[in-house]
Structures are given as C-alpha cells and as structure tokens.
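Asker:
Numbering (the UniProt record's numbering), first residue to last: 1 to 176.
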C-alpha cells in the first residue's frame, strides 16, 4: 500500500531541492516512490504541475518510432512517423500514472500565491533514515495518509527537531 504526502514550501526552488534530495535517497534504496510532483501557484491563483515524467512527450517519442517502422513497411515513413507521434502523444496525454492530477490541483489550491508544494506517492521507505536526511529542510505538512505518530515525526523532522530519545526503563533491585 502506498502513502501520500503533501508538503508546502515557500517557493518552487525549495520544493525542487527537496524533491532532488528524495530522489537521491531513492537511488540509495531508502525510499521507493510511485510519483513526486511539484505544484506551483502563481500570483493569479493558477496551479501548475511539474511532473517527474511527461507522459505526452514519452508517448509521442515511442509513437514516432513505431509509426516510422510501420511507415517503412508501407513505403510512407514520414506519414507513419507523423501519425505514430500524434497517436502516441494522445495516448500519453490520456495516461495518468501516479497521483491524480485533479486531486493535486485541488489540494494545491490551499497554497499561498508564489509558493509551491511537493506531492509524494511513497511505496516503501526506511522511515528513520529518510526522516534523518530530511531534518531541518523546512516545509509545512499539508496532508498525509500516515498515522498520527508518523505524521508528527515527519513534521518534527522538517522543522529540525530530532525525536526525543526515550528514557531507558529504570532497573529495580529485586535482590535482597
């Protein structure tokens, strides 16, 4: 089961910096992401999504390749390329993987103009190491699907507060 996290930042640069840091942790196998999207809200209140993967462009590229191959068979490679690119782009545009775009735009509506938010779809994570690496980066937790305890640990880490160590249980002397 995946968890959703939405963190607000004062600007897009800070959100991008944190996303890059989290993507670096993914390369170290500390976290596995399904999606990581930055939402920005401009001064007019419009929300723009900065996806990790542009499915429209990817679809157009693969469609162009397949269209060229099919076009070569029928002796019309340019026509095949154009038709393949167009159909691939349409297929990519209609394919929405990860976090629902409509949900992100609605949730990002709560951002202040000029600020940004980072949406993370987390499949797996090594919580203690990820939280330690995110300690003090800033940001405000807007929404999560974590339980209350995990959410509070995330809030504390972003704010730069290390989790207070639990005192060791006192030993009682039963001899005597």
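Note that beta-carbon positions come from the ideal geometry of N, C-alpha and C, so glycine has one too. Note that the coordinates shown come from a computational prediction; the quantities given were computed from them, not determined experimentally.
Can you tell me whether residue 103 is buried or exposed? The criterion is at least 16 other CB atoms within 10 Å of its CB, across all chains shown.
Answerer: Exposed, because fewer than 16 other Cβ atoms sit within 10 Å of the Cβ of residue 103.
Asker: Using CA coordinates, which residue listed in 119, 159 and 115 is at the minimum distance from residue 98?
Answerer: Minimum Cα distance to residue 98 is reached at 119.
Asker: With H, G and I counted as helix, E and B as strand and the rest as coil, what does DSSP make of residue 49?
Answerer: Note: residue 49 maps to strand in three-state DSSP.
Asker: For residue 3, report the span of its alpha helix (DSSP H) as first-last.
Answerer: Run containing residue 3: none in the alpha helix (DSSP H); it sits in the beta strand (DSSP E), 3-9.
Asker: Considering only the alpha carbon of each residue, which of 18, 13 and 4 lies closest to residue 137?
Answerer: Among 18, 13 and 4, the Cα nearest to that of residue 137 belongs to 18.
Asker: Going by DSSP, which residues form a beta bridge with residue 121?
Answerer: Its beta-bridge partners are 4 and 35.
Asker: Go ahead and label residue 117 buried or exposed: buried means 16 or more other beta carbons lie within 10 angstroms of its beta carbon, across all protein chains shown.
Answerer: So residue 117 counts as buried.
Asker: What does the alpha-carbon distance come out to for the pair residue 47 and residue 154?
Answerer: Between residue 47 and residue 154, the C-alpha separation is close to 25 Å.
Asker: Just the Cα atoms here: how many angstroms apart are residue 106 and residue 10?
Answerer: In a straight line, the C-alpha of residue 106 is about 18 Å away from that of residue 10.
Asker: Suppose you measure from the CA of residue 121 to the CA of residue 14; what does that come to, to the nearest Å?
Answerer: Taking the straight line joining both Cα atoms gives about 19 Å.
Asker: Would DSSP call residue 116 helix, strand or coil?
Answerer: Of the three classes helix, strand and coil, the one that applies to residue 116 here is strand, per DSSP.
Asker: Just checking my contact of residue 151 with residue 141 at CB under 8 Å: how many whole Å lie between their CB atoms?
Answerer: Going by Cβ atoms, the distance from residue 151 to residue 141 rounds to 6 Å, so yes, they are a contact pair.
Asker: Can the beta-carbon of residue 22 be found less than 9 Å from the beta-carbon of residue 36?
Answerer: Going by C-beta atoms, residue 22 is nearer than 9 Å to residue 36.
Asker: Cβ atoms of residue 41 and residue 199: under 9 Å apart, would you say?
Answerer: Summary: the structure shown does not reach residue 199, with the chain confined to residues 1 through 176, and so no result is reported for it.
Asker: Compute the minimum distance between the beta carbon of residue 49 and the heavy atoms of the ligand SAM, and state whether it is under 8 Å.
Answerer: Among the ligands in the structure shown, none appear at all, so the ligand SAM cannot be discussed.
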